[in-house]
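Peer 1: Structure incoming, see below.
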Amino acid sequence: MKKTRISLAVTVTAILALSACNSGSSSDSTAKAGAQSPLPATSSSAPVTPAPESTAPTSAAPTAGAPTSAAPTAAKPSTSKPATAKPATSKPPTSKPPTTKPKPPAGLDERCLTGRAICIDKRTDRLTWVIDGKAQYSTDVRFGSAETPTREGAFSINFKSRDHVSTLYHTPMPFAMFFSGGQAVHYSADFAARGYNGASHGCVNVRDKGLVQQLFNETRVGDKVIVYRSAK
3 MKKTRISLAV TVTAILALSA CNSGSSSDST AKAGAQSPLP ATSSSAPVTP
53 APESTAPTSA APTAGAPTSA APTAAKPSTS KPATAKPATS KPPTSKPPTT
103 KPKPPAGLDE RCLTGRAICI DKRTDRLTWV IDGKAQYSTD VRFGSAETPT
153 REGAFSINFK SRDHVSTLYH TPMPFAMFFS GGQAVHYSAD FAARGYNGAS
203 HGCVNVRDKG LVQQLFNETR VGDKVIVYRS AK
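Each residue of the sequence shown is one higher than the one before, counting from 3 in my numbering.
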C-alpha cells in the first residue's frame with residue numbers, strides 16, 4: 003500500500019516537472035502545432051449586416067407538381083365590321099328633252115290649252131268648252147254680219163245674265179255671257195229657226211238651248227273666251 007502511494011507521488015512529480023519544461027516554449031509548440039494541424043477558423047463576433055433585400059419581384063421557377071400559371075387570355079378580335087365604302091353610283095346625266103308645246107286638238111287654238119276657255123272658231127262655226135286643254139263638248143254657232151262683225155281675240159267673261167234682253171235691239175238674249183262690250187255668247191231663237199240664213203249683231207249665237215244653258219251654269223266670270231279663225 004505504501005509502495006503504491008510512493009509510486010503515485012513519483013508519477014505526479016514527474017508530470018509536474020514535464021509541464022514546467024513545456025511552458026517556456028509554448029509559443030513555438032503552438033506555432034508548430036498550427037503549422038501541422040490547422041485549426042478551424044473562428045467566425046468573427048462582429049454582427050454581420052444583412053444585405054438589403056431587393057424589392058424587385060423575383061420570378062420563382064415553377065416547382066414540380068405545382069400548377070402552372072394559366073396562359074394569358076388572348077384578346078378577342080373586334081366584332082365591329084370595318085366600314086365599307088359604297089362605290090359612288092353616279093347616275094348618268096339625264097338630258098331633258100326640249101320643251102315643246104303640246105299640239106292642240108284639231109281646230110283648237112293654243113290659247114285654249116290652259117285653264118278654262120270658251121274656244122270659238124269662226125272658220126268652222128264651232129264653239130268648244132275646254133278645261134285644261136281637254137274639250138268637254140262643242141256646238142254650232144253663228145256670228146255677226148259684215149256690218150256688225152264678231153270681234154276676234156282673247157277675252158274673258160266679264161258679266162253674266164240669265165234672262166237678258168238687248169237694250170239696243172230689244173231682242174231676248176237668254177243665258178248671255180258677255181266678253182267684249184255688248185257682244186256675248188247667248189241662246190238665239192232666230193238661229194234655232196233660220197239657221198245660217200241670218201246673222202247676229204256681233205254676238206255669238208247658240209241654237210242648242212239645253213247646251214248653252216249647261217255652259218252658262220258651268221262658266222264663271224273670268225273664264226277665257228278665245229275667238230279666232232283656225233287654219234285650213
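Note that CB positions come from ideal geometry on N, CA and C, so glycine has one too.
(1) Count the other CB atoms, across all protein chains shown, that sit within 10 Å of the CB of L170; report buried if there are 16 or more and exposed otherwise.
(2) Out of curiosity, what's the CA-to-CA distance linking G197 and R128?
(3) Which whole runs of the beta strand (DSSP E) in the segment 114 to 201 are 3 residues long or more, in chain order?
(4) Can you find at least 3 beta carbon pairs, one from the segment 154 to 163 and one from the segment 177 to 189, that sit closer than 8 Å?
(5) Spatial neighbours of T130 within its chain, please: CB distance less than 7 Å, with the 5 preceding and 5 following residues excluded, ordered by chain position.
(6) Would V208 pass as a contact of V167 if the rule is Cβ separation under 7 Å?
(7) Would you mind reading off the limits of the alpha helix (DSSP H) that contains V227?
(8) Under a three-way DSSP split, which group does V214 fall into?
(9) Going by C-alpha to C-alpha distance, which of A178, M175, S182 sits closest to F157?
(10) Can you give me the C-alpha to C-alpha distance between C114 and L217, rounded to a whole angstrom?
(11) Could you check how far apart the C-beta atoms of G204 and T150 are, in whole angstroms? I think they sit under 8 Å.
(12) Check this for me: beta carbons of A201 and G135, under 7 Å apart or not?
(13) At the level of alpha carbons, what is the spacing between K234 and D123?
(14) With a threshold of 16 other CB atoms inside 10 Å of the CB of A178, please say whether the residue is buried or exposed.
(15) I need the boundaries of the beta strand (DSSP E) containing V223, first residue and last residue.
(16) Taking the alpha-carbon positions, what's the M175 to S190 distance?
(17) Identify, in the order they occur along the chain, each residue of the same chain with its Cβ nearer than 6 Å to the Cβ of L213, setting aside the five sequence neighbours on each side.
(18) How many angstroms separate the CA atom of R118 from the CA atom of A195?
(19) Would you check if the distance between the CB atom of V229 and the CB atom of E112 is smaller than 7 Å?
(20) R125 and R222: beta carbons closer than 7 Å?
Peer 2: Taking the geometry as given:
(1) exposed
(2) 14 Å
(3) Those beta strand (DSSP E) runs which fall completely within the segment 114 to 201 and span 3+ residues are 118 to 123, 128 to 133, 136 to 144, 155 to 158, 161 to 167, 174 to 182, 185 to 189.
(4) At 8 Å Cβ cutoff, the stretches touch.
(5) L110, C121, A137, S140
(6) no
(7) Premise fails: V227 lies in the beta strand (DSSP E), 226 to 230, not in any alpha helix (DSSP H).
(8) helix
(9) From the listed residues A178, M175, S182, the smallest Cα separation to F157 is found for S182.
(10) 16 Å
(11) 5 Å
(12) no
(13) Going from the Cα of K234 to the Cα of D123 covers about 11 Å.
(14) So A178 counts as buried.
(15) V223: not part of any beta strand (DSSP E); DSSP gives it neither H nor E.
(16) 7 Å
(17) Counting only Cβ-Cβ distances below 6 Å, and skipping sequence neighbours, we find T141.
(18) 30 Å
(19) Note that the C-beta distance between V229 and E112 is not below 7 Å.
(20) no
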